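In the UniProt record's numbering, the protein residues as written are 1 to 172. Using N, Cα and C, we set each Cβ at its ideal position, and we do this for glycine too. Keep in mind the model is a prediction, meaning the values are calculated, not measured. What follows is a single structure, written as structure tokens, with notes after it.
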């Protein structure tokens, strides 16, 4: 072994770098593995025709590593309903996430949401406006949800969270 190779072989820093290269990258197995299950969520609202229960919007929440869809129907897309939906459907069932991603809607981008996220130690990240791929998982699930609801009842008025959850194999 020549002297340069010997120096590299004996160098602790070089050995550490070589070891680091053996660690799996963050993007592994076709999914972002920086976060563990439940640590990162994408959320959005979809609009429905008003249901018999007076619900007009559905807060859709998608777990970022698995694509697990959780829904929460509400009468109005407000910050209060967003927080209530997140607490009932995400925090109580899956634990407090490290990160939540959303669009720049007024129901997400306001002082109430900022305060709530800060109190819970959640990093709230806003997508690039008018750039759907930035919220790919939640946008895909929104389309799937609307298609499933139409197939179930011919229209979106028959939204029943337990039945939809059964059809989509998700939480209600």
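Checklist entry - Can you pull the DSSP bridge partners for residue 73? => result 58
Checklist entry - Among 52, 48 and 66, which one has its Cα closest to the Cα of residue 58? => result 48
Next on the checklist: Assuming contact is defined by CB atoms lying nearer than 8 Å, are residue 122 and residue 98 in contact in what I supplied?
Outcome noted: yes
Checklist entry - Roughly how many angstroms separate the alpha carbons of residue 39 and residue 9, rounded to a whole number? => result 39 Å
Next on the checklist: Among the candidates 92, 117, 94 and 95, whose CA atom is the shortest distance from the CA of residue 102?
Outcome noted: 117
Item to check | Residues near residue 21 in its chain [Cβ-Cβ closer than 7 Å; skip 5 each side] | outcome: With a pLDDT of 44 at residue 21, under the threshold of 50, the modelled position of that residue is not reliable, and the figure given next carries that caveat. Closer than 7 Å at Cβ, skipping near neighbours: no residue.
Checklist entry - Under a three-way DSSP split, which group does residue 98 fall into? => result coil
Item to check | residue 119: first and last residue of the uninterrupted alpha helix (DSSP H) it sits in | outcome: 111 to 120
Checklist entry - Between which two residues does the beta strand (DSSP E) containing residue 40 stretch? => result 40 to 47
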